[in-house]
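Everything in the sequence shown is counted per the working numbering, starting at 121 for the first residue and increasing by one.
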Amino acid sequence: MEILIFPDAQSLARKSADLLESQIKTYPDSVIGLATGSSPLGLYEELIRRHNEYDLSFAGVKTFNLDEYVGIPAKHPQSYRTFMDENLFNKIDIDASNTHVPDGMAENPLKVGPAYEKMIEEAGGIDLQVLGIGTDGHIGFNEPTSSLGSITRVKTLTRQTIVDNSRFFKSDEFQPKLAITMGIKTILDARRILLLACGENKAEAIRDMVEGPLSAFCPASALQFHQRTTVFIDESAASKLSLKGYYKFVDEMQVDLLRQHRPSDWISR
Ligand code: F6R
Numbered sequence: 121m122e123i124l125i126f127p128d129a130q131s132l133a134r135k136s137a138d139l140l141e142s143q144i145k146t147y148p149d150s151v152i153g154l155a156t157g158s159s160p161l162g163l164y165e166e167l168i169r170r171h172n173e174y175d176l177s178f179a180g181v182k183t184f185n186l187d188e189y190v191g192i193p194a195k196h197p198q199s200y201r202t203f204m205d206e207n208l209f210n211k212i213d214i215d216a217s218n219t220h221v222p223d224g225m226a227e228n229p230l231k232v233g234p235a236y237e238k239m240i241e242e243a244g245g246i247d248l249q250v251l252g253i254g255t256d257g258h259i260g261f262n263e264p265t266s267s268l269g270s271i272t273r274v275k276t277l278t279r280q281t282i283v284d285n286s287r288f289f290k291s292d293e294f295q296p297k298l299a300i301t302m303g304i305k306t307i308l309d310a311r312r313i314l315l316l317a318c319g320e321n322k323a324e325a326i327r328d329m330v331e332g333p334l335s336a337f338c339p340a341s342a343l344q345f346h347q348r349t350t351v352f353i354d355e356s357a358a359s360k361l362s363l364k365g366y367y368k369f370v371d372e373m374q375v376d377l378l379r380q381h382r383p384s385d386w387i388s389r
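Here you go:
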């Protein structure tokens, strides 16, 4: 895992947009895995700004979102489809038919997962997967004790995730307790992974993911198995890492080496 620690959320967002931009410019037909939530918002704002400013184009890009709630329609203000439409898709030149979010209103939610896996496979697999991380170490909605070999399926949310996400629902409103999520294997199959996290409330999960034992108790720790995972965090999210100084040293040593010898290393495929 490559750990990069940024002074603030803005520089983190800019750098993650740089990564997406080089991916898309090098491979205009890239397949990108996307996340919802607060973590990628700065990245999405930066991509929209670049699209408006110098026509960064998403016309050939395909996207697959990690997850969707079960039981609320796509048009619901809290659906992940609405989140993506409002915070990214409607503001760039992506073809709506190339954007995929699991169908949380499918008549049989149990059938959504295998079909979603097939669509990802038919698209050629995910080139670059963007992730956030839950305070309990979840990625997608793979809650603690999720199988590390799981594929897209229905998951029951933990009490902690339900509480974390309750801020988005009115007190008298139905809040889903189930979601359809890419599995951990689905995520690990992506050629490149970029995980974003800011804030002190993520510090423990980041520590467990990077330095903890590989454990289904911290699903994100499965990323220790992935060959090209980059973790962009701010100082607060990095605050509980015991080898923080080492990660900064590694970064300094790597930057020049990569710039000189493998400038295209950021790009997957
Ligand atoms: C969202 C997702 C979740 C979030 C995680 C962090 O599509 O898959 O795993 O990335 O819950 O959420 P935020 O970024 O809101 O802290």
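Just so you know, even glycine gets a beta-carbon here, dropped at the ideal spot from N, CA and C.
query	result
Any non-hydrogen atom of the ligand F6R within 7 Å of S356 CB	no
Where G260 falls: helix, strand or coil (DSSP)	coil
Delimiting residues of the alpha helix (DSSP H) encompassing R201	Y200 to N207
heavy atom of the ligand F6R below 7 Å from D223 C-beta	no
Which residues DSSP lists as bridging A299, in chain order	Y189 and K275
Rounded C-alpha distance that separates L308 from T301	13 Å
CB contact flag (I326, A358, <8 Å)	yes
Cα-Cα separation, D256 to C338	7 Å
Distance, T202 Cα to G192 Cα	The residue asked about is misnamed: residue 192 is Ile in this sequence, not Gly. Rounded to the nearest angstrom, the two C-alpha atoms are 11 Å apart.
Simplified DSSP assignment, three categories, for I116	Past the edges of the chain, shown from 121 to 389, lies residue 116, and the structure says nothing about it.
Separation of A179 from I282, as counted between CA atoms	35 Å
Check: T278 C-beta below 7 Å from any heavy atom of the ligand F6R	no
Status (buried if at least 16 other CB within 10 Å, exposed otherwise) for M373	exposed
Residues that DSSP places opposite Q280 in a beta bridge	None; Q280 has no bridge partner.
Cβ-based neighbour list, A344, same chain, cut-off 7 Å, excluding 5 preceding and 5 following	As written in the sequence, residue 344 is Gln, which differs from the Ala given in the question. Once the five neighbours on either side are set aside, the close Cβ partners of Q344 are M121 and L334.
D328 Cβ short of 7 Å to the ligand F6R heavy atom set	no
G260 CB to nearest heavy atom of the ligand SAM below 7 Å	By its list of ligands, the structure shown excludes the ligand SAM, since it contains just the ligand F6R.
CB-CB length for I253 against L315, believed under 8 Å	6 Å
Residues near T350 in its chain [Cβ-Cβ closer than 6 Å; skip 5 each side]	E122 and L314
Buried versus exposed, by CB contacts within 10 Å (16 or more), R279	exposed
CB contact flag (G233, I271, <8 Å)	yes
Residues bridged to E173 [DSSP beta-bridge criterion]	Answer by DSSP bridge pairing: none, since E173 is not bridged.
Of the residues I152, Y189, G269 and L167, the one placed nearest A342, counting alpha carbons only	G269
Through-space distance from L378 to R273, alpha-carbon basis	38 Å
Cβ neighbours of D187 in the same chain (closer than 6 Å, five flanking residues each side left out)	G260, F261, A299 and T301
S159: CB within 7 Å of a non-hydrogen atom of the ligand F6R	yes
Rounded separation between M329 and S158 - CA only	19 Å
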